[in-house]
Each structure stands twice: as C-alpha cells, then as structure tokens.
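Just so we're aligned, residue 1 is where the sequence shown starts under this note's numbering, counting upward by one.
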Amino acid sequence: MNKNIVNRRHFLKMSASVAGIVLAPEIAAAAEGKKGLPRRTLGKTGIQLPVLSMGVSSNHLPVLRAAYNSGVIHFDTANGYQNGKTEEMLGDFFAGKPRDSFILSTKIYEKDRQRLAQGFAEKFETSMKRLKTDYVDILYYHDVRAVDEVNCQPILDVMLKLKKEGRVKYIGVSTHSNEAEVIHTMLDNGNYDVALAAYNFNQHHSAQLDAAFERAVKAGMGIIGMKAMAGGFLDKEHTQKINGKAALKWVLQNPQITTVLAGCTSFDELDECLEASNNSQLTGKEKEYLAAVNRRTLLYCQGCRVCTAQCPHHLPVPDLMRAYMYHYGYKNPAMAHETVMGLSLPDHPCGQCAKCTVTCTAGFQVAKKIKDIARIRETPGELMA
Ligand code: SF4
Ligand code: SF4
Numbered sequence: 001m002n003k004n005i006v007n008r009r010h011f012l013k014m015s016a017s018v019a020g021i022v023l024a025p026e027i028a029a030a031a032e033g034k035k036g037l038p039r040r041t042l043g044k045t046g047i048q049l050p051v052l053s054m055g056v057s058s059n060h061l062p063v064l065r066a067a068y069n070s071g072v073i074h075f076d077t078a079n080g081y082q083n084g085k086t087e088e089m090l091g092d093f094f095a096g097k098p099r100d101s102f103i104l105s106t107k108i109y110e111k112d113r114q115r116l117a118q119g120f121a122e123k124f125e126t127s128m129k130r131l132k133t134d135y136v137d138i139l140y141y142h143d144v145r146a147v148d149e150v151n152c153q154p155i156l157d158v159m160l161k162l163k164k165e166g167r168v169k170y171i172g173v174s175t176h177s178n179e180a181e182v183i184h185t186m187l188d189n190g191n192y193d194v195a196l197a198a199y200n201f202n203q204h205h206s207a208q209l210d211a212a213f214e215r216a217v218k219a220g221m222g223i224i225g226m227k228a229m230a231g232g233f234l235d236k237e238h239t240q241k242i243n244g245k246a247a248l249k250w251v252l253q254n255p256q257i258t259t260v261l262a263g264c265t266s267f268d269e270l271d272e273c274l275e276a277s278n279n280s281q282l283t284g285k286e287k288e289y290l291a292a293v294n295r296r297t298l299l300y301c302q303g304c305r306v307c308t309a310q311c312p313h314h315l316p317v318p319d320l321m322r323a324y325m326y327h328y329g330y331k332n333p334a335m336a337h338e339t340v341m342g343l344s345l346p347d348h349p350c351g352q353c354a355k356c357t358v359t360c361t362a363g364f365q366v367a368k369k370i371k372d373i374a375r376i377r378e379t380p381g382e383l384m385a
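Below, the structure is given as structure tokens:
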C-alpha cells in the first residue's frame, strides 16, 4: 500500500481519537494541508466542488471530522435520517465554522406525497433549526421517481420562494428510481438547478442515464452521484466487500458527474474514497474486477420497478429491496428501519402466495428477501442507531 495513504490513515485515526482535546479541526486541517482534492464545477451554479462529497445518513462523527479535515467540503443529509439526529449532528459540527467554508445540502421527504406538499415548508423549518444555519446550499425534494412528482407545483412553489429569500441557494431533486425520466422532466420543467441521482457500475440502465446527464450538463444543470458502491457488499453476510476504490473511480470516469456522495462509515472506507478521488484512472485489474462483479447478483436494486406490476398483492417490492440493501449491504439498519416503517405493509407480507410471481431483473429472490427485511419492524426504531 502507498506509504502516504498509510500515514494519512494513521493521522486520521489519531486526529479522530483526540479531536477536540489535542487537535482542533482547524489545526488538523492545516496539518493535512487541505491537499486539494480535484474539483469540478456544478453546472450553472458555478460552485467548485471536490469530486468527493459526504452523504451523511448516520452519525459517525469521527469519520465526518476526518473527511472535513481531508478537504471534503460538501456534506449532504436528509430530514428523516436517524429521525433528524443526523441533521442535528451536522448542525453541531459546523456551528462556529465560517459558513462559506462548507457546502450543506439536505433533502425533504415524506412517503405520503399529499401530506408532504402540505407540510414541506414546515419540514424545511425543522431542518433549518437542526442544522443551525441561515441557509442551505442545495435543497432537494427527496426520492422522486415520477413525472408528476417532479412537476408538483405546491412543492416547487415553496422551494422557489425559499430560493428567492436566499434561505436556499439552489434547488433539486434526488432520485434512485426511473432516474433518466426524472432528469428529463426536470429539464423540461426548467426550474431545477441540480439532480442528485443513483449512479454506479452495476446499473443496467446506465446508457439512458448517460444520455440524460449529457442533456442536463449541456443545459447547465449540475449532476451529483450517489449509491456509487452498488450495495457495498456482495453478500448478506458481509464477507465480500465491493472494492470501493474501483467503484468510485468508475463513477468519476464520467466527467458529467461533478461530485459523488460517499457514505463512509469507517476510516478505511474514507481512505479508499480519498485515494480514488485523487487518482480516478481505473487500472486494468480494476476494470476486470468490476466486469467480474457485474456477472454476479449483487445487493443493489435497479429501481426498474418491473416487479411492481408482477406482484398481485401490490407490495412495494423496490422499496423493500432498497431497505434490504441498506441493512445488509450498507450496514445501516436505521435507514432500513426508517424505509420499511414508511411503507404500508400487511402483517405477513408474501404470506398469501404459495409461489412468488415476481421475476426480478436483478435476479433477486424477492419473497425470501422480503421475509428477512420485514422482520425489522419488530425492533423499536431507537435501538437501530
Ligand atoms: S410472494 Fe411475490 S408475488 Fe407474492 S406478495 Fe410476495 S412479492 Fe408479491
Ligand atoms: S425488478 Fe428487481 S431490480 Fe427491478 S425494482 Fe424490482 S426488485 Fe429492484
């Protein structure tokens, strides 16, 4: 392994273990030299972002601090993560730091879209209190998958008003299902500045996504990637981790992607991401590795929604598969719990079927996975952190 990386890992671990006692973040940042990760411009917003950003969905403060000290400046969260505790953690972390030294984005979500439209402004105010800031740089309507959601005028009206007031610099949507159509609709709509989209080496529809990104970039819309690790692990038992360096490099090979949200929860993962960000050229071995992995069934749900029409009991199979990936792939039971608890499920999902009629395009045995993930409802949310 590269000696500098080993040294940096040692430094990061040290800075985390003694942070706030010996090394203030500013001192640590100076020591690290804010080496300057490569930057790209986020469309017409003009924001120059390091190619690596942090998707903060759980409360790993030492890793967050290490990322900041390593030159990451863009941190993204959502109102529902850890029941709002993640927004609170970010608010505490950035309190007292110059506001122009970091880029903050959050996403507003509620499963019931009608209630979301009515309560969007209120939810934003709650997020602002937690984040302890006067403005967020990017505000997203979260988990958008349909044309009518992109064009939801009541939500757009609130976002545009907040933008006019300067409480939000730019607006966008986040999407991990039907992403290409969502982005084309955003462009037709004309009001959006940024799209946050799932993008990774394992997607079957990457050609459609590339075409949507190309059109977006030409129109000046910024594109931010997420779900780069395609599930994180190859197996439910966590014995085979996906090579994060190769996965991140694959995304960064596309110059249309300004930056990638990485959900690092350990120093090793952060190190992998920093290394890939500083040199995003895929090696021959990494290309071979990704091709071999792509021949297998991963934990990543394509979000294609083919299964929804095949299930006679109308189970939200893609959402359940995404929750499964959060739990068994990304090791984030809180996010899995939050996702499952937001769904309307019968007491015994799949209990009425002698044989499952769903043929998943990713090769999942969905009934078996649903049985595994639905059990998460039996555990109280507060035990999931
Ligand atoms: S077993 Fe298959 S078809 Fe039946 S409810 Fe479950 S997912 Fe739907
Ligand atoms: S068919 Fe499979 S990959 Fe496609 S959305 Fe359904 S579960 Fe996901």
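Quick reminder that beta carbons are idealized off the backbone N, C-alpha and C, glycines included.
All values reported here derive from a predicted model rather than from experimental measurement.
Counting only runs of at least 4 residues, the stretch 241–277 fully encloses the following alpha helix (DSSP H) elements, listed from N- to C-terminal order: 244–252. For a cut-off of 8 Å, the C-beta gap from ILE155 to ALA117 is around 5 Å, short enough to register as a contact. In this structure, the CA atom of ALA291 is about 30 Å from the CA atom of PRO316. When C-beta atoms of the stretch 43–59 are compared with those of the stretch 270–278, three or more pairs fall below 8 Å, so the two segments count as touching. Under the criterion of beta carbons closer than 8 Å, LEU282 and LEU234 do not qualify as touching, at roughly 19 Å. Relative to the non-hydrogen atoms of ligand 2, the Cβ of VAL251 never comes closer than 7 Å to any of them. Residues close to ligand 2 by the beta carbon criterion (under 6 Å to any non-hydrogen atom) are, from first to last along the chain, CYS301, GLN302, GLY303, CYS304, ARG305, VAL306, CYS307, VAL317, PRO318, MET321, CYS360, THR361, ALA362, PHE364, VAL366. Within the same chain, HIS176, ALA198, TYR199, ASN200, TYR300 come within 8 Å of LYS227 by CB-CB distance, once the 5 residues on both sides are set aside. Relative to ligand 1, VAL340 has its C-beta separated by 7 Å or more from all heavy atoms. In this structure, the beta-carbon distance from ARG99 to THR45 does not fall below 8 Å. In the structure shown, GLY342 adopts coil according to DSSP, grouped into three states. Under DSSP, TYR326 forms no beta bridge with any residue.
By the 16-neighbour rule on beta-carbons within 10 angstroms, GLU237 is exposed. Annotation: the stretch 109–157 contains the following complete segments of the alpha helix (DSSP H) (minimum length 4 residues), in chain order: 113–131, 147–150. Partner residues in a beta bridge of SER206, as assigned by DSSP, do not exist.
Relative to ligand 1, PRO312 has its C-beta within less than 7 Å of a heavy atom. Taking each of PHE120, TYR135, GLY80, LYS123 in turn and checking the Cα distance to ALA95, the smallest one comes out for TYR135. DSSP lists ALA197 as the beta-bridge partner residues of THR175. GLN48 sits in a strand when the DSSP states are folded into three classes. CA-CA distance, CYS264 to VAL147, rounds to 32 Å. Around the beta-carbon of HIS327, 16 or more other beta-carbon atoms lie within 10 Å, marking it buried. DSSP places GLY225 outside any alpha helix (DSSP H); the residue lies instead in the beta strand (DSSP E), whose first and last residues are 222–226.
When the five nearest sequence neighbours on each side are left out, the beta carbons in the same chain lying within less than 7 Å of the beta carbon of ASN189 are those of VAL150, ASN151, in order along the chain. Here GLU179 is buried, its C-beta having at least 16 other C-beta atoms within 10 Å. ARG296 sits exposed, since fewer than 16 C-beta atoms from the chains shown fall within 10 Å of its C-beta. Closest by C-alpha distance to SER105, out of LYS97, ASN79, ALA336, is ASN79.
In this structure, ligand 1 has a non-hydrogen atom nearer than 7 Å to the beta-carbon of LEU315. Note that the C-beta distance between ARG322 and THR308 is not below 8 Å.
Straight-line spacing of the CA atoms in GLY225 and VAL251 works out to 8 Å. The three-state reading of DSSP puts HIS74 in strand, counting E and B together.
Approximately 19 Å separates the beta-carbon atoms of SER266 and LEU37; this is outside 8 Å, ruling out the contact. In the DSSP assignment, ARG39 falls outside any alpha helix (DSSP H) and lies within the beta strand (DSSP E) extending over 39–41.
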